[in-house]
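Q:
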Amino acid sequence: MQLNTGRYLEAFALMTIVFCGTVQYFTGIVAVLWIPFFMVLIMVVLLMMQSNPQPLRLSTREKLVLVLYLTFIILSLSSTVLQSGVVTTVVGFKNELALSLVMFCMLLGMFRESQLYRLIQLFYWLFYIQFPIAIYQVLFVVPQRVAIRGEDEKWDSVVGTFGGDPMGGGNTAAMGMFCLLIMLLKVSEFKHGICSFKSMSIHIVLAFVLCIIGEVKFVILLSPFLLVLLWIMPGYVSGVSKVSLRSLLIIAAGMVVLIFSAITILAANYSAAFGGDPTKSAFSVFIDSLGYIFDTQLHHG
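This is how it looks when you write it as structure tokens:
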């Protein structure tokens, strides 16, 4: 059976990244989050129905990944069923594991390279969509939350299209991971000569801006290391974009400027909200704000 699986993958991305989170955020309807779960199950069914003109050939590494993944799924499901019952297993599978089946479908050759390329181009448009939504949340949702809960409870309302409770907590981590993905994609494209330095720089700066607006600190801390690691790793095309000292210095300088700017802005926000010690540096205030990650603080960040 010949299927246009690429269009289905694009519809899945739109539903998962834009529709479900936006509906949940503005209406509070949590049941909408079941839609991606059912869509990914349908994707697996379509994989089994799909007819390939050529037999699938997996490398030893791909076979190992497939075996490890299936073993992980089987162990997770069986242990949860035995300990918590069927209902908890279904809900947990929906929340934690089901979306990983997309990787399973990709590994088994459900999508062609051209379809994955179109998906990446769609990701960029979904990235651009985050900005008007985030601006609306900053201008209207955050002031409403501050008026209701106070200045020290204004965090986690800016989530773009990734959903959550505007008066409680949102999926800022998901938005941060999406921004990190965009940065890594653009660095990889520039490394392989697909995009210009200007395009890469603009997308990295915009991703940092979105993370600053959404207070996603872990991306600000992790992104420099991941971007440099991606740059120095061998490319998938032999001999493309060899690492040079000049390129590493340019990337390092740019990341230092971005991180310094992000830390300064976030530290100013925290000082304004919590009345921080004026003798502390911006970096000290920023590090103190990370305390909730290690359970040393109770407030959100």
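Every position in the sequence shown, counted from 1, becomes a number in my numbering once 103 is added.
Ideal Cβ positions, reconstructed from N, Cα and C, are used throughout, including at glycine.
Secondary structure at glycine 273, three-state DSSP: helix, strand or coil?
A: In the structure shown, glycine 273 sits in a strand (DSSP, three-state: E or B).
Q: Confirm, please, whether the CB-CB distance from threonine 264 to valine 121 is below 8 angstroms.
A: Yes, these two residues count as a Cβ contact at 8 angstroms.
Q: Beta-carbon within less than 8 angstroms of glycine 357's beta-carbon, same chain only, minus the 5 sequence neighbours each way: which residues are those?
A: These residues qualify, in order along the chain: Ser304, Ile307.
Q: Can you give the Cα-Cα distance for methionine 270 and arginine 248, rounded to whole angstroms?
A: Straight-line Cα distance between these residues: approximately 6 angstroms.
Q: In the DSSP output, which residue or residues are listed as bridge partners for glycine 266?
A: The partner list for glycine 266 (beta bridge, DSSP) is empty, contrary to what the question assumes.
Q: Could you give the first and the last residue of the continuous alpha helix (DSSP H) run that contains threonine 183?
A: Here the alpha helix (DSSP H) through threonine 183 covers 163–187.
Q: Look up tyrosine 227 in the DSSP assignment and say whether it is helix, strand or coil.
A: Residue state, collapsed to three classes: helix.
Q: Helix, strand or coil: which one does DSSP assign to phenylalanine 196?
A: Reduced to three states, the DSSP call for phenylalanine 196 is helix.
Q: For serine 282, does the three-state DSSP call read helix, strand or coil?
A: Per the sequence shown, the amino acid found at residue 282 is cysteine instead of serine. In this structure, cysteine 282 counts as helix in the three-state DSSP scheme.
Q: Is threonine 275 near the ligand COA, in the sense that its beta carbon is under 7 angstroms from a heavy atom of that ligand?
A: With respect to the ligand COA, the structure shown offers nothing to examine, as it has no ligands at all.
Q: Between the beta-carbon of leucine 352 and the beta-carbon of glutamine 218, is there less than 8 angstroms?
A: Contact flag unset, no.
Q: So leucine 169 packs on leucine 210, CB below 8 angstroms; how close in whole Å?
A: About 6 angstroms; that satisfies the 8 angstroms criterion.
Q: Spatial neighbours of threonine 125 within its chain, please: CB distance less than 8 angstroms, with the 5 preceding and 5 following residues excluded, ordered by chain position.
A: These residues qualify, in order along the chain: Ile236, Thr264, Gly266.
Q: Beta carbon of phenylalanine 234, beta carbon of lysine 197: below 8 angstroms?
A: The answer is no: Cβ separation not under 8 angstroms.
Q: Measuring CA to CA, which of Arg349, Leu332, Cys314 is closest to valine 241?
A: Closest option to valine 241, Cα to Cα, is Cys314.
Q: Beta carbon of valine 262, beta carbon of glycine 317: below 8 angstroms?
A: For valine 262 and glycine 317, yes; Cβs fall inside 8 angstroms.
Q: If we count the other Cβ atoms within 10 Å of its Cβ and call it buried at 16 or more, is isoleucine 177 buried or exposed?
A: By the neighbour-count rule (16 or more Cβ atoms within 10 Å), isoleucine 177 is not buried but exposed.
Q: By Cβ distance below 7 angstroms, which residues in the same chain neighbour isoleucine 362 in space, the five residues on each side in sequence not counted?
A: Closer than 7 angstroms at Cβ, skipping near neighbours: Ile323, Pro327.
Q: Within the continuous alpha helix (DSSP H) that includes threonine 130, where are the two ends?
A: Threonine 130 -> alpha helix (DSSP H) spans 123–130.
Q: Apart from the five residues on each side of it in sequence, which residues of its chain come closer than 6 angstroms, Cβ to Cβ, to valine 230?
A: Checking the sequence shown, residue 230 turns out to be phenylalanine, not valine. The residues are Ile285.
Q: Taking isoleucine 366 as the reference, which of Trp334, Lys320, Val331 has the closest Cα?
A: With distances taken between Cα atoms, isoleucine 366 lies closest to Lys320.
Q: So for cysteine 298, helix, strand or coil by DSSP?
A: Of the three classes helix, strand and coil, the one that applies to cysteine 298 here is coil, per DSSP.
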